[in-house]
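Trainee: Protein chains in written order, with this note's numbering: chain A, 17 to 285; chain B, 7 to 529. Ideal placement from N, C-alpha and C gives every residue a C-beta, glycine not left out. Since the structure is predicted, the reported quantities are computational estimates derived from the model, not experimental observations.
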Amino acid sequence: MSRTFLACLSVLLVAVPSRAQETEDKDPIAALGPADLEHGKLLFRAHCARCHGYEGQGGEGPSLARPNLRNAPDGPALFGVIQNGIPTRGMPGAWQIGDREIWQVAGYVRSLGRSTVVPSGDAERGRAVYERAGCAACHTVRGAGGALGPELSAVGASRGAGYLRESIVDPGAALPPALWPEAPGFSDYLPVRVVTRAGREMLGMRVNEDAFTLQFRDAAGGFHSFDKRDLKTLEKQTRMSLMPSYANALSASELDDLVAYLASLRGRE
Amino acid sequence: MLVCAITLTPALSAQVPYDRLLRADREPANWLTYSGDYRSHRFSRLDQLTPENVARLRPVWVHQTDNSKVETTPIVVDGLMYVTEPPSTVTALDARTGRPLWSWSPTMPKDVLYLGFPPTNRGVAVLDSMVFVGTLDAHLVALDARSGALRWDIVVADNSVGYAMTLAPLAIDGKVIVGVSGAEAGIRGFIDAYDVESGERLWRFWTVPAAGEPGSDTWGGDSWQTGGGSTWLTGSYDPDLGLIYWGIGNPAPDWNGDSRPGDNLYTCSLVALHEATGELAWYFQFTPHDTHDWDANQIPVLVDAEIAGRTRRLVVMANRNAFYYVLDRTTGEYLRARQYAKQTWAERLDARGRPIVLPKTEPSEEGTLVWPSLQGATNWFSPSYSPSTGLFYVAVREMGAVYYKSETAYRPGAFFLGGGEQALSGDHASGAVRALRSTSGELVWEFPLHSPPWAGVLATAGGLVFGGSEEGNFFALDAVSGQALWQFQTGGPVRANPISYALDGVQHVAIAAGRGLFVFALP
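Next up, the structure:
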């Protein structure tokens with residue numbers, strides 16, 4: 017796929033650009049017309065909206081309604097991200113669309129950046145909410161906290177505000193995707209109840225699974241490797257989470273503030 | 007030539023005359039053709055491995071490649087194993103130790119096109135003293151089986167407009183049969199036969215008829231010119247009837263059928279061709295006017311069995327569209343079919359096997375949820391038929407998808423799709439190995455898989471069914487009950503078909519997994 021990317025670069029740009037030359041060379045995104053952007057929107061909805069939101073506001077994937085995208089500082093980088101995905105972060109490459117369509121999607125994504133969606137709360141007050149609510153018992157931020165749940169140091173860079181809100185009020189609806197390359201679409205932190213043939217019952221989380229084995233972490237964080245033949249019961253609790261809902265524990269403004277705080281956690285930028 | 011023949015030791019002379027291929031099932035110590043024999047049973051008559059001893063099966067050697075997309079099915083001839091490595095390399099290995107003997111790679115352009123499939127290769131064919139391979143840039147190449155020296159190299163089609171080859175060729179008497187990939191780029195598909203000595207093309211069957219030819223009235227306007235109908239999977243052969251059986255892929259553009267009104271023959275069909283001339287004997291279309299990319303590029307399995315008190319010559323196929331079909335392979339007569347996986351697109355099939363399509367199952371701008379997904383309830387990976395159990399074993403994908411439709415225009419060498427698809431994967435999907443009664447498709451047992459598979463199955467006379475999973479498991483099931491008896495974690499997804507062969511009476515089983523080729527035997 018990188019071969020195709022390089023071929024496209026050589027066709028569409030006069031020369032390999034340095035930063036200084038970029039404004040002189042033809043910018044394929046600048047060359048797009050209204051019909052291209054319209055088509056780009058349709059393609060975005062078909063291929064991208066599932067993770068990035070119908071209006072690009074983010075969801076399971078980050079919001080694209082920002083003037084600067086960390087992984088796509090310029091047109092060619094944005095083209096590359098759309099074409100190849102970011103496998104280490106769970107974004108698939110867009111194998112189904114050709115080069116011209118990728119530029120149309122890129123143009124539409126750039127247009128989203130002109131309307132910036134900002135969470136409404138206050139991140140500093142949100143940090144205090146995070147501490148009061150005891151989130152650090154299970155989550156790590158910048159090296160501090162527990163390890164039962166996902167690390168949150170860069171969660172604001174990976175997830176949109178709507179998803180962050182949902183993960184607080186309805187965690188079972190927003191389990192993060194597992195990032196094993198061969199496991200598209202599986203949920204990480206899936207709650208699982210097992211009963212062994214010896215009669216021992218445990219509630220915990222799936223870490224990994226295949227047709228014959230289950231890798232499992234119990235609610236105290238202990239690790240277990242099971243052969244499925246040794247399990248009498250293996251109950252996957254879909255749409256649930258070991259994390260409780262904080263819908264009733266937080267006021268509306270506390271929730272807004274906490275979402276703003278999480279959205280501000282962007283790792284190393 | 008004569009001097010060479012005298013100095014070759016019998017143990018290393020890989021001579022496979024047509025006669026050996028015809029009677030491939032009589033020498034189960036070898037695996038002479040992609041599907042084991044021309045009937046494509048993928049059944050091993052070796053019986054050393056049984057439900058009682060298979061738990062002791064262990065790896066004996068591994069061959070590693072540079073590439074993770076290994077989808078090859080090995081060929082084994084008299085102690086030599088031929089595998090292909092992505093994109094189009096042929097390697098000969100010592101089947102006893104796994105040590106490479108020779109390797110050949112084509113010189114291909116850096117920007118070789120492969121639109122809609124991985125840059126991989128599914129295996130070679132052998133005949134006489136030659137090995138045949140189809141390359142990603144749509145060349146057919148003949149190599150010397152002993153040394154890997156090039157015998158001839160011909161261009162089958164133009165890769166720059168999207169034609170490619172990933173399939174294992176089929177070698178019959180004096181000819182090698184190949185198909186092409188590329189329907190996602192709007193190519194016009196065909197099946198070709200080439201002379202094994204010279205590489206001269208003997209005949210071509212176009213899978214999409216030109217204006218005025220029979221079947222052309224099933225294509226509106228000029229849509230036949232970019233009609234698709236790829237032929238990208240190895241077919242089967244009945245030497246008594248003189249018929250080649252080959253599956254045909256989807257029409258183009260995949261998800262938007264507006265520009266191609268009509269049934270779009272012969273896409274999503276099984277065709278039977280006279281092997282001497284390539285002329286059409288009969289066809290059966292599984293999915294008329296397909297808009298879900300449900301190629302019929304699955305293995306046509308030739309079975310002789312009793313139906314209604316009479317022995318019939320059958321061809322059975324588990325189709326991507328979730329139906330299992332039983333046809334008469336002499337005439338193409340539809341006998342019966344049965345759903346073998348979840349499907350939400352057809353109310354039923356009519357008395358001639360034509361689907362009665364449910365409303366609102368076509369792709370749409372806002373997205374339409376349908377089972378199965380575009381990859382289908384099964385796909386190219388092989389099923390297996392056991393004459394001992396009478397069962398048809400198939401690896402099944404249970405996954406739905408949201409199908410989208412959009413406008414598109416044809417451009418040579420570019421995607422020509424007209425939409426997209428978002429699959430409901432992960433915990434919303436699953437897989438299974440299912441055993442179906444071969445004459446009816448009735449489910450006898452199933453073994454659940456964690457995710458939809460890309461691995462084929464192999465049944466053996468010892469009473470086992472071998473299969474693989476995306477999570478790296480290579481496993482053996484009891485052929486009668488489906489109970490799991492053994493598994494090995496290979497560490498990479500299994501996206502290939504198993505074979506079995508024997509050396510000095512010891513049964514071996516081989517499977518490509520991840521970037522390796524694993525071989526197992528009892529200690």
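For glycine 330 (chain B) versus glycine 241 (chain B), is the C-beta distance shorter than 8 Å?
Mentor: What sits at residue 330 (chain B) in the sequence shown is tyrosine, not glycine. No, the pair does not count as a contact, with Cβ atoms beyond the cut-off.
Trainee: Can you tell me whether alanine 189 (chain B) is buried or exposed? The criterion is at least 16 other CB atoms within 10 Å of its CB, across all chains shown.
Mentor: buried
Trainee: Looking at proline 389 (chain B) and alanine 328 (chain B), is the spacing between their C-beta atoms short of 8 Å?
Mentor: No, they are not a contact pair.
Trainee: Would the beta-carbon of glutamine 428 (chain B) fall within 8 Å of that of arginine 66 (chain A)?
Mentor: yes
Trainee: Under 8 Å: do the segment 129–146 of chain B and the segment 169–179 of chain B share three or more Cβ pairs, one atom per stretch?
Mentor: Counting C-beta pairs with one atom in each stretch, the segment 129–146 of chain B and the segment 169–179 of chain B have three or more that are closer than 8 Å, which means they touch.
Trainee: Which value, in whole angstroms, describes the spacing of the CA atoms of threonine 141 (chain B) and alanine 199 (chain B)?
Mentor: 16 Å
Trainee: Does the distance from the CB of valine 96 (chain B) to the CB of asparagine 36 (chain B) come in under 8 Å?
Mentor: Cβ atoms of valine 96 (chain B) and asparagine 36 (chain B): not closer than 8 Å.
Trainee: Kindly say whether glutamate 251 (chain A), judged by its beta-carbon, lies nearer than 8 Å to any beta-carbon of chain B.
Mentor: no
Trainee: Going by beta carbon distance, what residues of the same chain come within less than 8 Å of leucine 53 (chain A), once the five residues before and after it are set aside?
Mentor: Gln120, Gly123, Tyr124, Ser127
Trainee: Would a check of beta-carbon distances place glutamate 225 (chain A) closer than 8 Å to chain B?
Mentor: At least one chain B Cβ lies under 8 Å of glutamate 225 (chain A).
Trainee: Since threonine 336 (chain B) and leucine 247 (chain B) should fall inside the 8 Å C-beta cutoff, what is the C-beta to C-beta distance between them, to a whole number of angstroms?
Mentor: 6 Å
Trainee: Does the segment 243–257 of chain A touch the segment 186–200 of chain A, meaning 3 or more C-beta pairs lie closer than 8 Å?
Mentor: yes
Trainee: Give me the subset of the segment 200–227 of chain A whose CB atoms are less than 9 Å from a CB atom of chain B, sorted by chain position.
Mentor: Per Cβ criterion, the list reads Pro200, Gly201, Phe202, Ser203, Leu206, Asn224, Glu225, Asp226, Ala227.
Trainee: Does DSSP put glutamine 37 (chain A) in a helix, a strand or coil?
Mentor: Only weak support is given to the placement of glutamine 37 (chain A): the predicted model assigns it a pLDDT of 41, under 50, and the value that follows is read from those uncertain coordinates. In the structure shown, glutamine 37 (chain A) sits in coil (DSSP, three-state: anything other than H, G, I, E or B).
Trainee: Beta strand (DSSP E) containing glutamate 530 (chain B): first to last residue?
Mentor: Look at the range of chain B in this structure, 7 to 529, and you will see that residue 530 (chain B) is not part of it.
Trainee: Taking the alpha helix (DSSP H) that glutamate 225 (chain A) belongs to, which residues open and close that run?
Mentor: Element bounds for glutamate 225 (chain A): not the alpha helix (DSSP H) but the beta strand (DSSP E), 217–225.
Trainee: Alpha carbon to alpha carbon, what distance is there between valine 275 (chain A) and leucine 281 (chain A)?
Mentor: 10 Å
Trainee: Need the endpoints of the alpha helix (DSSP H) that glycine 172 (chain A) sits in, please.
Mentor: From DSSP, the alpha helix (DSSP H) with glycine 172 (chain A) extends over 171–174.
Trainee: Across the segment 72–90 of chain A and the segment 174–183 of chain A, are there enough close Cβ pairs to call them in contact, namely three or more that are closer than 8 Å?
Mentor: yes
Trainee: Where in the segment 75–133 of chain B do unbroken runs of the beta strand (DSSP E), each at least 3 residues long, occur, reported from the N-terminal end onward?
Mentor: 81–83, 86–91, 95–100, 106–110, 131–133
Trainee: Between aspartate 143 (chain B) and alanine 170 (chain B), which are expected to be in contact by the criterion C-beta below 8 Å, what is the C-beta distance as a whole number of angstroms?
Mentor: Taking a contact as a CB-CB distance under 8 Å, the pair aspartate 143 (chain B) and alanine 170 (chain B) counts as one, their CB atoms being some 7 Å apart.
Trainee: With DSSP run on the structure shown, which of helix, strand or coil describes isoleucine 118 (chain A)?
Mentor: Helix.
Trainee: Does the Cβ-Cβ distance between proline 529 (chain B) and arginine 29 (chain B) come in under 8 Å?
Mentor: Cβ atoms of proline 529 (chain B) and arginine 29 (chain B): not closer than 8 Å.
Trainee: Go to serine 269 (chain A), then tell me how far its alpha helix (DSSP H) extends in each direction, as first and last residue.
Mentor: Segment 268–280, the alpha helix (DSSP H) holding serine 269 (chain A).
Trainee: So who's on the other strand from alanine 527 (chain B), going by DSSP bridges?
Mentor: B:Arg64, B:His514
Trainee: In whole angstroms, give me the CA-to-CA distance for proline 259 (chain B) and proline 267 (chain B).
Mentor: 12 Å
Trainee: Considering just the uninterrupted stretch of the alpha helix (DSSP H) at serine 183 (chain A), what are its terminal residues?
Mentor: Serine 183 (chain A) -> alpha helix (DSSP H) spans 177–185.
Trainee: Could you check the C-alpha separation between leucine 62 (chain A) and serine 370 (chain B) for me, to the nearest Å?
Mentor: The amino acid at residue 62 (chain A) is misidentified as leucine; the sequence shows alanine. Rounded to the nearest angstrom, the two C-alpha atoms are 10 Å apart.
Trainee: Rounded to the nearest angstrom, what separates glycine 425 (chain B) and valine 402 (chain B) at their Cα positions?
Mentor: 25 Å
Trainee: How would you list, in chain order, the residues of chain B whose beta-carbon sits under 9 Å from the beta-carbon of isoleucine 113 (chain A)?
Mentor: Phe421, Leu423, Gly426
Trainee: Please confirm whether leucine 53 (chain A) has its beta-carbon closer than 8 Å to some beta-carbon of chain B.
Mentor: no
Trainee: Using a Cβ-Cβ cut-off of 8 Å, state whether leucine 58 (chain A) counts as contacting chain B.
Mentor: yes
Trainee: Tell me where the alpha helix (DSSP H) around lysine 57 (chain A) begins and ends.
Mentor: 50–63
Trainee: What is the DSSP secondary structure of proline 207 (chain A), reduced to helix, strand or coil?
Mentor: In the structure shown, proline 207 (chain A) sits in a strand (DSSP, three-state: E or B).
Trainee: So is alanine 62 (chain A) in contact with chain B if we call contact Cβ pairs under 8 Å?
Mentor: yes
Trainee: What are the residues in the segment 250–274 of chain A lying within 8 Å of chain B by C-beta distance?
Mentor: The segment 250–274 of chain A vs chain B, Cβ under 8 Å: Lys252, Thr254.
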